[in-house]
Each structure stands twice: as C-alpha cells, then as structure tokens.
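Chains as they are written, first to last, in my numbering: chain A, 21 to 368; chain B, 21 to 368; chain C, 21 to 368; chain D, 21 to 368.
Protein chains: 4
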Amino acid sequence: MVVVMEERATESQIEQVVARLVEMGMDVHRSTGVTRTVLGAVGQGQPDAGLIEMLDGVHEVLRISEPYKLASRTFKPDDTTVTIGEVRIGGDEVIVMAGPCSAENESQVRSAAAAVRRAGAKIFRGGAFKPRSSPYSFQGLGEEGLRLLRDASNAENMKLVSEVMDISQIEVIDKYCDIFQVGARNMQNFTLLRELGHVRKPVLLKRGISATIEEWLLSAEYVLSGGNTEVILCERGIRTFETATRNTLDLSAIPFVKKLSHLPIVVDPSHATGRRDKVAPMARAAVAAGADGLLIEVHCDPDHALSDGAQSMFPSQFDRLMAELRIIAPAIGRSICLEPVARRGWGS
Amino acid sequence: MVVVMEERATESQIEQVVARLVEMGMDVHRSTGVTRTVLGAVGQGQPDAGLIEMLDGVHEVLRISEPYKLASRTFKPDDTTVTIGEVRIGGDEVIVMAGPCSAENESQVRSAAAAVRRAGAKIFRGGAFKPRSSPYSFQGLGEEGLRLLRDASNAENMKLVSEVMDISQIEVIDKYCDIFQVGARNMQNFTLLRELGHVRKPVLLKRGISATIEEWLLSAEYVLSGGNTEVILCERGIRTFETATRNTLDLSAIPFVKKLSHLPIVVDPSHATGRRDKVAPMARAAVAAGADGLLIEVHCDPDHALSDGAQSMFPSQFDRLMAELRIIAPAIGRSICLEPVARRGWGS
Amino acid sequence: MVVVMEERATESQIEQVVARLVEMGMDVHRSTGVTRTVLGAVGQGQPDAGLIEMLDGVHEVLRISEPYKLASRTFKPDDTTVTIGEVRIGGDEVIVMAGPCSAENESQVRSAAAAVRRAGAKIFRGGAFKPRSSPYSFQGLGEEGLRLLRDASNAENMKLVSEVMDISQIEVIDKYCDIFQVGARNMQNFTLLRELGHVRKPVLLKRGISATIEEWLLSAEYVLSGGNTEVILCERGIRTFETATRNTLDLSAIPFVKKLSHLPIVVDPSHATGRRDKVAPMARAAVAAGADGLLIEVHCDPDHALSDGAQSMFPSQFDRLMAELRIIAPAIGRSICLEPVARRGWGS
Amino acid sequence: MVVVMEERATESQIEQVVARLVEMGMDVHRSTGVTRTVLGAVGQGQPDAGLIEMLDGVHEVLRISEPYKLASRTFKPDDTTVTIGEVRIGGDEVIVMAGPCSAENESQVRSAAAAVRRAGAKIFRGGAFKPRSSPYSFQGLGEEGLRLLRDASNAENMKLVSEVMDISQIEVIDKYCDIFQVGARNMQNFTLLRELGHVRKPVLLKRGISATIEEWLLSAEYVLSGGNTEVILCERGIRTFETATRNTLDLSAIPFVKKLSHLPIVVDPSHATGRRDKVAPMARAAVAAGADGLLIEVHCDPDHALSDGAQSMFPSQFDRLMAELRIIAPAIGRSICLEPVARRGWGS
C-alpha cells in the first residue's frame, strides 16, 4: 500500500498515519519530496485502505494490486498446462471444445458429438443443469443428461466438460465429466469454488459478466488455494452499454491474463455474441489474439434447440470455421488438430 | 414479440416468418404498412427471438419486456407490505436497518445494537457468513455470530437480518434471523433463490452489481414463484466505468422499480460508496427519491472493524443522519421512527 | 508517480528504472522493503507511466491523481461561489434553473418563463442551437431563439443560461446570455473550452456521459487556466449497462466532487432520466445529497414540444416539486427561494 | 414505432393512443391479441416515443431502430469502397495505416514513414493538432507538423491521414492530407461533422468511447447527408468497468457494423490498449474478425516520444506483426500488401 500525503500535510498528520500503519502491522518507508510525502507500507495481511484514506492529511491511497498469489506469474513464471489424457490445454495446440448448449435427447447429443469430433474438436461440451434467468424456462435433463453426454463422448473418443451450479451437484458431475465448468453467474460463488478446490479434476472458470480481471484471478485463487492446481480461465463477454451485441467479448483480456497469470485461457464466442453468424469472426479473432482454446455451441438442428438455438452453429459452419482456424493458428506458432481424427465406436 | 420486416422483404419471406412463429405456438397478427410489414406474435411460452431474427427479410425482433409475472405491478397493482411483527416495510414509515458488517464478538455486537436502536433503527443487521473476494480474508464467525446477533436484537427489541450464502446455511440462519439477506453476488444463484421460495420468512434481495432492473425482478420471481410472497428489493450500487466511487448507486432504480413492481425497495448506501463520509448524503438522497428503507453499516469502533471499517459510520454520525432523515421524509408524505424508542432488556 | 517493483526484481533492474525516471526529470525516493522495492517519483511535468511500466522488473506504476490544479481543493480550500447579479450559485441557497428544452416561439417561451419564475426558479434555461444525434431532427431557432429567451428572462427578472456548441457561436450567445452552457458531448471539445477560458461570464460544464470525475475536473481546468474562474459543474447522468433508465444519474458524484474541488455542482435530472415522472424523485434526491442547484426542463404544453417533450415537466408538477424541495433543503442547512417572488414586467 | 398496450388496457385508452399517434402524423395498424393489443405506427418524422409511453394503458413503446438511412445496408446493399489513388479501403486488401502519434520533428517523421512503408503500410498517420485531456500537455506542432507529414508521405509514396479537431482547421488539413480523421471525442461534434459533409476527401470517423454502434452510424449519417459518401469507420475501444486495459476493444462491432452498414471499418489497437505489447495480439484479432484495415502507432524511438510513447510499436515489432497478418488474412479471403513495396524518392 502506498499512501500519498496532501501537499499541505503537517508533520503531525504524517506521524499519525505512520503510527496507524504500524499498528496495522505494516513496515513503513517514508519518502519526503519537495511537494509531498509518500509512505510505502508493506507487510502481511491486507489492511483496509479506506481507513487510511480517511485520516487527516492523506491525499490518496494507492493499492498495490495482485492480492492473488498462486494464480500469479510471480508465483509460477512458467505456463500451466492442463492435461486430460492425451489432451493438453495451454500447450502448442489450440484445443476446441464444442457441443450443444443442453443435452435434450440421445440422438441430438450423439449427432452433435459426431459432428464436432469430425471437424476436430477434442472436448465435448453440453449442459445437464441449466442456470436460466427465468424460472419458467427449460432447466435441463439432470443426471440423465450427463449420462447421454458421457456416452456420446466415449463413442467419439472425446473428453467432456459440463457445468456445475451448486456444491450439491459436484458428486454426480464428477461421476460423468472430465472438467467442471463454473458459469459466469457463479464466478463469485465462493462456497462452490472452495469445494472445487478439493476435487481432482480441472475447473473451467468463466469470467463473470461484470468481473474485473483481478477479481477473476482471485476466484481462481479460491480453487488453487484448496489444492486443485488445474484451473482453465474462460472469457465469455462482459456487460457494457452496447446493446447491439449481447455482451462485449473482451479479447484484450487474453494478453493481459497471459502477462499476469500462468493459467491457460480459452474463449467462448457463442455466449458473448448470442448469434451464430457472429461466432466465427470472434472465434478466429480469439485464436489470433492468443487464446489457448475455444468453447463453441454446435447443434445439428439449432432452429429447434431447447435453449440457445440462435447462437448454436450448424455443423457445416463449424467445419468451415475449423478450416479457417487451421490457417490462422500458425501465425502465432500454434496448431489446431491438423488431421481431422478418425472417430471411434458408435455404429462402427 | 414484435417482428419488424425489412423494407424490401418479399411476400414469401413474410410468409415463412409467419409459418415459423405459428410452428412455435404463437398467434400472429400482421400489419402491412406503406414501407414495412410488422408482425405481432403473442402466445404462451418464450420463443427464442434470436431464431426469428436470423430469418431472411427480418429487420429486427422487438421483445415485449416483463417476462416476470408475480413480481409485476400488472399482476398485483397494490404495493406489497412486508410485515415482521410490528415492523412494516413498504408502508408510510421509512424503515432503517443498521448494524455492523460482521459480528466480531459480544461487546461489539451489543454496543452496535444499542447505538442504532437508540437512534431509531428497527431492524438490526450483521453478517456471520462473509462472502469475501479473497480466500485470505476474514470469513465470519458462523453460527456463533448468529447467536450473538440474535441476543443483541432481542435485548434491543429489534428484528434481525443476516446474509445467507448457500442453501446449506438456510436452516441455521432460519433459526436465528427474521429476514434472509441474499447478497449481490448471489442474485442469480438460482438454486438458492428457488430454495428461499419455500421458506416462510422475508427475503431481502440485493441487486447484482451488473444486473439490469429486469434481471433483478426475474430473480425476485424465482422466490415468489416458490410461494414466498415477501421479497424486499435492495439497491446497493452498480458497476460503471467511474473509479472514484466504489460503485455507482443507481437511485433512479427506485422510481423505475416502483412503476414496474409492487415490491418494496430499500437502499444500501454503505456498500455502494465504500466510504463513511459519503453514506449520509446518499442515505438522504435515497429517502428523498422514495426508498422504503435503508440498510446502513454502523460500528462503535470502525477503525478496528474486522471488515468494511471504512464504510461503517460512527454512532454519532448515524444519530445525525437520522435527524436529517426525519426532516426529509415528510416531503414525500412519510415518517421515520419519529420518537427514538425506549430500549428494552439488556441491563435494564 | 509511484513505481512498484516486482518481488524478484534485481538490483540492476531497479537502478535502470531510477535512471530512466531521473532522465525524465523526476526526483526519486527509494523504499526497500522485505519483499519489494517501491520508488516514489516526484517532479514537474507528466512523465508517461506506460513507458516505466514496460521496463524490466516493474510490477506496476501507480499514478498520483489530480493532474488538475486550479480546480482542486488543494489549490483553493474554500468553496467557489458564482455570482450573477443577486443570484449566488454555491452559497446557502439552492438555485433552480428551469425552462423549456428549446425556444420554439414567443408565447411558448413567455409562458414557460412565467411559470418557472412563479414557482421560484431564478435562472431561465432554453436552447437556441440544439445538438441532435440525428441530422434529420429539429436543430433550433438560432439567434431568434436567443432573443426570445432573453426577452422572457428580462420580463420575469431571471438570469439566462443557454448552450454553446461551437466557438463560432460564442459571440452571439455572449450578447444574450448570462451563463454559457457546455453540453455533455462537448465536455472534451478542448478548442471550445480554451476559448471559454477567455470570456467573462460563468460556464456551466456538463459531465460527459462516459467521463470520469477526474476528466470532468480536467475539462474545468481548461476553462480555469484561461483565466475564467467561474465554472459550475453539472451532473446529468452517465452511460451504464442499464437500459430501463436513459442514463444513470450519478448522485454520488456530488460528495466526491465536493471533496476534490471547490467548484459548485448542480444536477440535471431531466436529461438523466428522460421521463418527466422520474424528474421529481431525482431532483429531491439531488438536493438531499447536497447539490448547489438544479437544471430542469419545464414546458407549458410538453406533449407538443418540438424536442424533449417526454422529459419536460408540466408547470403544476414543477410547483409541487419546488414545495417538496423547500421541506428538504433545511435538512442540510440550505434554503430554496423561500418566498415565491413577485414577477415583474410582461403584462403587469 | 410499436406500442404495446397493458393487458388491462381499456378500449378507450387504446383509442386515445391511436388518436395521439394519428395526430403525430403516423399510420396506425392495430393487432388485438388474446392478452394484449399491439399498435404498429409508421410514417414520416420521428415522433417522441416517451410521449406515447406516458399515456394511460401503455405497457411499453418499442422503437424500430435504424434512424440512419444513407449509412444503412438497406439503402445501399453493396459494400462501399473508399479509393484514394491506387489505395482501396474496403476491398480485398487489408489496408494498414501507421505512423507516429504526433509529428515532432523532421527526422522523427521521416524515419517513421520509411519504417512503416518498408513493412507494407500504405497510408501514413500522424497528428499535428493534439486533443489532450490536460491543458498542460504537448499540443502538437500545427501546420508545421502537417508539412513534415506530407513531405514524408510523398517521399515514401504513401497517402496521409491526420486528425481535424475543429472546423477552423479544415482548410489547412485539406491542404496537406488525403483523409480527415475525426477523433473519438469529436464523434458527436455535429458542427464539425456537418462541415465535413461538404469536403471532397474521405473522413475516418472514430467511435466515441461510450458511443453505441447506432450512434456511430448516425454520426456517419451527418457526413453522408452533406454529400460526402466516403466515410471510413474506426473502432478504437469503448469504456467499460475494466481498468486493467485502457479501453475495451470491441471487435464484435466489426461483424455487427458489416451487417448494418455498407461502410468500411478499420481498427485502432494502439489507443484501445495503450500498451505496445498488447497491440500485436489485438491487430491480429481485428484482421481475423474481418476488419478492412488497421491504424497503428509506430515510432522509431518510442521511449522518447512526446506523446503516446507507451503504445507506439518499435519498427521491428511492426515488421513482425505485418508478417503475422500476411498469414492470417487469407483465412478470410483477403491479402495484406504481399510484397513489401519498393519505396520512392527521399535519398534514392
């Protein structure tokens, strides 16, 4: 914490501030300039800047950022790579996670899995518990949905990510999935984050729609401090005054996060834009900006999807996007599943 | 839903849109103007506007707002009054809820309760489970804190409101408190809201820092639709680009909510401003704008509070604020606990 | 400027930063803590923080705020009062400026002036040059409008404020008006501000819809640094994600500005809310929060106004608001034109 | 305009709304549904939605967007290409405009021009009149700066773009430049825009930091409606709550603008991010998202630049960026000056 005194601050005011900081357990270093005195305070603990700011003679208190520790690059200079079997997130390959918004029935899940696998996705995504802002909307299939998603992932040799909304769902999701997804609305559900610090599977942590990058990394810290070192950050758009787009995808978060933290970061262009014709441009931009992966909604019949149909791509659009991404990735020294993999199982 | 066709839309495009709306279960009314055709679609369910927006020939889709029902003034034209014993929130009297951020120990809780009661507060506030953005901050006393808060409330003849962060805490909070507070970060924790729809005590629902008024009312709808009709809304500041203030207190939400909904609305100026010298101006403004109550942090020794000290008022500041509010309230035909009430119990 | 070094910064990195700061003409004070080194840099000029931030070993650069000088309370501790004849803005009396959005014709201007004067307004407002976001909207009457506004002000013994949009309009507005209004869109039109630094009449400077308080005070500094010491700040709402209200009136700006600056601050609730039924609650709140005055749109036939009809109050609503404000003002030790003044001239 | 009546609206309320709309010159189409009546109103002029919204029985008024005409794709379905000699903006080639923030002296301008030309830039950028938020900052060299920029552009066979801040500068800028740049702060300086509608050179219109896409297109309309059909839009970041980045570059604006308008759109990643190490990722992302061009600050000695040094790239960084862009552009069927062009003149 750095305390900037007013130009007219008296010696006794300065001494009072120093005394208060020492009382809070801080070491204080004083710089007396021609116009101002500046006090640098360091120590354990997180003293309340507001209390100092209100003392007489104080011009302002500047907080040294980065209250997170384990999530910071200072703590761990090298990139973290999250490994799930043969899939590595945060390495040279840009990993694409794709699938429907919600599991609706077996054939819908199976056809989506086959389509995204064929195009090069390595992780299947799909929801079983849906957080809907209206209590009157479709709320998901629950465990039955998880079972359908798992079966389809197995058939296509993909890993599976699905959203956990509450600590009561951790056990059942753990049974079926490879990655726990924490939605934007739960980014500061600290009870849930703390619990996910104790699971032994990666956590994909979406940024809250009004969360700063610092708050997002602090939420990652909750998981990391519980002992779970595998956190994947996911940018999905922030809320701004612009109403033409659903949310404003903050791609500049990618280079900023890369500088501040060692954790991998992926981007979800489907939720940010809310319209399938805007997903491809934003997916391409995310990869060009350095994202470690993408999370994309794909549905074989999006016009009849039970949720998020408007933002779900047709398989043919997804195929084309993947081809475009294969051209872009080398510009930043990366690759995207160069050979569409042979699928396994289901009907074979 | 109103579908505005492009000026150049062809007859066959229009027919296709109509067919799609009918397939979605809507009744469609068509208005053919000189320049454009406009389609009005009404019906049960909530068709996905995005799907229609992407059809050929569609200029834009205008959504008719108010997907909430029970929370709307259309559903219930008269103001809702939440009654807890002799305290009525939403009536002629402006109700002040005050107390410390967190329960720290018995004497701190007791002195705060005595101080706010003397000045005219009718409801005691205090936290036992604290949602902190850093995992390394003070997290609250838990049930022991609730017990201290309850004892002090009883001693001072006040009602008690305290925050619930997770469904696992509902039972213990129900044992000690009169009102369940849902914090800003949990405004869209639908699992929690749904469960609070089944309790038989009022719920004070804080607005999320980036929640629109419509989303806030939809969250209230989750509680109401579970059968709990006693929801109190609480404005506590929204996140904007301004960094001088912690959050921007949106007082215009008061007249807007009053027009859209029948639910009472109170204001928390402490969290919005984050600085005790800014609390009084905003508290006065809230009452002048028509708020049904206030939620204010008061601490007898805020400089040594374990949390939120900078925004906690000294009892003397709170006394003065209450006196100012007693002048303002009549301007809008209301009162504020005109006679400081005689306290009961504790030492008497 | 305060430079916070990384925990792992080497001695040679620190020395390089010091050298660079000295080269920029700064005096540097070094505090070596257990975990970090912090460098305080003071001096004339405004070195580019970004350049330092990119040097090796630098964790972050904290900028000491308040690059404005003349506008700050440090420079002038006492409140500035702007005096125009017998009207004093920034004193004990809350000054109300009211009138139509635009001058449309003589009878409209005259009737509005009479109505607002009767209720207690001391300054008449009205536009002759209108900044409209669409090139196809009504653009104002120009000089003829100014003449109508001046005649009505004289008839009712009021001062006159009107908007200047461009340096080419300064001369004609100076001929008719007592106060130059700078609109929100021109808050950073530095060419205009610089020129207004040389006029000898007060400038009412509206806050830009996305301007921080610091930027607003810097814009005031442009006027002050030209030699014009009479600047009145006007809060009129900022742009946020909320769409229910037109803009979000930031009333917390009042106590913040009062702390940072000596300049008077008034509030325009008409443009912030955009709806006449929301103007009164926000006007009351502004006075309760400590505003030095109000700027309110009133029209005798708002339903047929050529601009801003929806936000213009009826005279009867304005009368009632003034009565409410007379109750509220004493709560903060102020008054509002206690006796509705006898009007002069025009028909008498 | 579409008027949605309340569910309980009476027949007489509906008739009153219809009468008012007709009085405003609108044709009204009425749809009577089971639960609600919806009125579609079309006609010339732009009736004030707020006035209708306040009538009894009205639930809400939905405004049909696109008050701009000439800027819309409805008016002109084909892409506009802005041609300056052999340079075409909006065609298959992505056009890069680069150069220093400000012209400082001859050698600085010449070296920057040579460097960006060598790497493939076709348009030179540089400021002579600087809009600075503080009156105490460097304000530019004025006409002398323009002369230096023009000479360097000629020597390197590049076109020149420079910022115009006020109508008084139009004449001198017209004498030296090929494109008039309108800065973000002037996006709603309607006096300036109107005047630029009469010049016969392209206008590069930056988006205001809090402007919606609709407002931006309306500002373009001001220029277009004056007869100047050559407007180039420039996204340069919007203001959000995030403070880690200077502004949030809204790349989703690219596909949205492309759908709504026929005008070309370029991106300025330098001002959006404010840090040179963030420019390359955002520039790559912009091209991947479909931008028609880039506007980038490059300086041969950015550490000693008189303005914006922190966001100016070194020539070597710019070279590398151009190489990356040449890989990305083909992914969307475009090219970027494939062969670094031979430079002309200056020393040859």
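All C-beta atoms, glycine included, are put in the ideal place defined by N, C-alpha and C. Every value quoted in this text rests on a predicted model; they were computed, and no experiment measured them.
* In chain order, what residues of the same chain have a beta carbon less than 8 angstroms from the beta carbon of Ser-32 of chain D, not counting five sequence neighbours either side? -> The answer is none, since no qualifying residue turns up.
(request) Give me the Cα-Cα distance between Gly-367 of chain C and Ser-131 of chain C, rounded to the nearest whole angstrom. (result) With a pLDDT of 36 at Gly-367 of chain C, under the threshold of 50, the predicted position of this residue should be treated as unreliable, though the coordinate-derived value follows. A direct Cα-to-Cα measurement between Gly-367 of chain C and Ser-131 of chain C gives close to 12 angstroms.
**Request:** Starting from the Cα of Tyr-88 of chain C, find the closest Cα among C:Phe-338, C:Leu-244, C:Thr-268, C:Pro-335 and give me that residue.
**Result:** Comparing C-alpha distances from Tyr-88 of chain C to each of C:Phe-338, C:Leu-244, C:Thr-268, C:Pro-335 shows the shortest one belongs to C:Leu-244.
Three-state secondary structure (DSSP) of Met-117 of chain D: The three-state secondary structure of Met-117 of chain D, taken from DSSP, is strand.
Checklist entry - Regarding Asp-198 of chain A and the ligand SAH, is the C-beta to nearest heavy atom distance less than 7 angstroms? => result Of the ligands one can find in the structure shown there are none, so the ligand SAH has no counterpart to examine.
Does the segment 277–285 of chain A come into contact with the segment 246–263 of chain A, if we say contact requires no fewer than three beta-carbon pairs (one atom in each stretch) closer than 8 angstroms?
The segment 277–285 of chain A vs the segment 246–263 of chain A: in contact.
Q) Going by alpha carbons, who is nearest to Ala-343 of chain C out of B:Ile-347, B:Ala-351, B:Leu-345? A) Ranking the options by Cα distance to Ala-343 of chain C, first place goes to B:Ala-351.
message = I need the straight-line Cα distance from Val-192 of chain C to Asp-171 of chain C, nearest angstrom please.
response = So the two alpha carbons sit approximately 15 angstroms from each other.
Item to complete: Grab the span of the beta strand (DSSP E) containing Ile-199 of chain D for me, first residue to last.
Response: Its beta strand (DSSP E) spans residues 199–202.
Neighbourhood of Val-24 of chain B by C-beta, 7 angstroms cutoff - its chain only, sequence neighbours within 5 removed:
Cβ within range, chain order: Arg-56, Val-58, His-79, Glu-80, Leu-82.
message: If I follow the unbroken alpha helix (DSSP H) through Gly-70 of chain A, where does it start and stop?
response: Gly-70 of chain A: member of the alpha helix (DSSP H) spanning 69–73, first to last residue.
Quick one: which chain B residues come within Cβ less than 8 angstroms of Phe-276 of chain C?
What Phe-276 of chain C touches in chain B, judged by beta-carbon distance under 8 angstroms, is Ala-264, Thr-265, Lys-298, going in chain order.
Original post:
Between Thr-293 of chain B and Gln-331 of chain B, which are expected to be in contact by the criterion C-beta below 8 angstroms, what is the C-beta distance as a whole number of angstroms?
Top reply: Rounded, the Cβ-Cβ distance is 7 angstroms, consistent with contact.
Applying the 10 Å Cβ sphere with the 16-neighbour rule, what's the burial state of Ser-127 of chain B? Ser-127 of chain B comes out exposed.
| Contacting positions in the segment 215–234 of chain C - beta carbon closer than 8 angstroms to chain B | So the close ones are Ser-230, Thr-232, Ile-233, Glu-234.
* Could you give the residue range of the beta strand (DSSP E) that holds Thr-211 of chain D? -> Here Thr-211 of chain D belongs to no beta strand (DSSP E); instead the alpha helix (DSSP H) covers 210–216.
- Output yes or no for whether 8 angstroms exceeds the beta carbon distance between Gln-201 of chain B and Ser-173 of chain B. Between Gln-201 of chain B and Ser-173 of chain B, the gap from beta carbon to beta carbon reaches 8 angstroms or more.
Check the Cβ-Cβ distances between Ile-115 of chain B and every residue of chain D, and say whether any is below 8 angstroms.
-> So no, Ile-115 of chain B is outside the interface.
message = Restricting to runs no shorter than 4 residues, where is the alpha helix (DSSP H) found entirely within the segment 271–330 of chain A?
response = Whole alpha helix (DSSP H) segments, 4+ residues: 273–280, 289–293, 296–309.
Where Asn-206 of chain D falls, given that 16 or more other Cβ within 10 Å makes a residue buried: That one is buried.
_Rounded straight-line distance, which links the Cα of Ser-51 of chain A to that of Val-22 of chain A_ = Roughly 11 angstroms separates the two Cα atoms.
- Does DSSP put Asp-47 of chain C in a helix, in a strand, or in coil? DSSP places Asp-47 of chain C in strand when its eight states are reduced to three.
Listing by chain order, which chain C residues have their CB less than 9 angstroms from the CB of Thr-94 of chain D? The contacting residues do not exist; Thr-94 of chain D stays about 16 angstroms from chain C at best.
Practice problem: Starting from Ala-172 of chain B, follow its DSSP beta bridges and name the residues at the other end. | Solution: Beta-bridge annotation (DSSP): Ala-172 of chain B is not paired with any residue.
* Asked: Which first and last residues belong to the beta strand (DSSP E) in which Arg-28 of chain C is found?
  -> Segment: none, Arg-28 of chain C is in no beta strand (DSSP E) and carries neither H nor E.
- Message: With three or more C-beta pairs closer than 8 angstroms as the rule, is the segment 298–318 of chain D touching the segment 305–317 of chain A?
- Response: Yes, they touch.
Report task. For my contact list, Ala-148 of chain A and Gly-140 of chain A are in at a C-beta cut-off of 8 angstroms; report their separation, rounded to the angstrom. Result -> 24 angstroms between Cβ atoms; not a contact.
Worksheet item: In chain D, which residues lie less than 7 angstroms from Glu-27 of chain B when you measure between Cβ atoms?
Response: What Glu-27 of chain B touches in chain D: Thr-94.
At a Cβ threshold of 8 angstroms, is Ile-352 of chain D touching chain B?
No, Ile-352 of chain D does not count as interfacial toward chain B.
Interface residues of the segment 33–66 of chain C facing chain A [CB-CB below 7 angstroms]
Cβ contacts with chain A: Asp-47, His-49, Ser-51, Gly-53, Val-54, Thr-55, Arg-56, Val-58, Gly-60, Val-62.
State yes or no: is the beta carbon of Leu-71 of chain B nearer than 8 angstroms to at least one beta carbon in chain A? Interface with chain A (8 angstroms Cβ-Cβ cutoff): Leu-71 of chain B is included.
Thinking Gly-119 of chain A and Val-318 of chain A are a contact (beta carbons under 8 angstroms), I'd like their distance in whole angstroms, please.
A Cβ-Cβ separation of about 6 angstroms places Gly-119 of chain A in contact with Val-318 of chain A under the 8 angstroms criterion.
Practice task
List the residues of chain D whose Cβ lies closer than 9 angstroms to the Cβ of Gly-310 of chain A, in chain order.
Solution key: Neighbours of Gly-310 of chain A on chain D, chain order: Pro-301, Arg-304, Ala-305.
Among the candidates D:Cys-121, D:Val-102, D:Ser-122, D:Ala-123, whose CA atom is the shortest distance from the CA of Glu-113 of chain D? With distances taken between Cα atoms, Glu-113 of chain D lies closest to D:Val-102.
Taking DSSP as the reference, what is the three-state secondary structure of Ser-122 of chain A?
Looking at Ser-122 of chain A - three-state DSSP - the assignment turns out to be strand.
- request: Could you name the residues that DSSP lists as bridge partners for Ala-61 of chain C?
  value: Ala-61 of chain C is bridged to C:Val-48.
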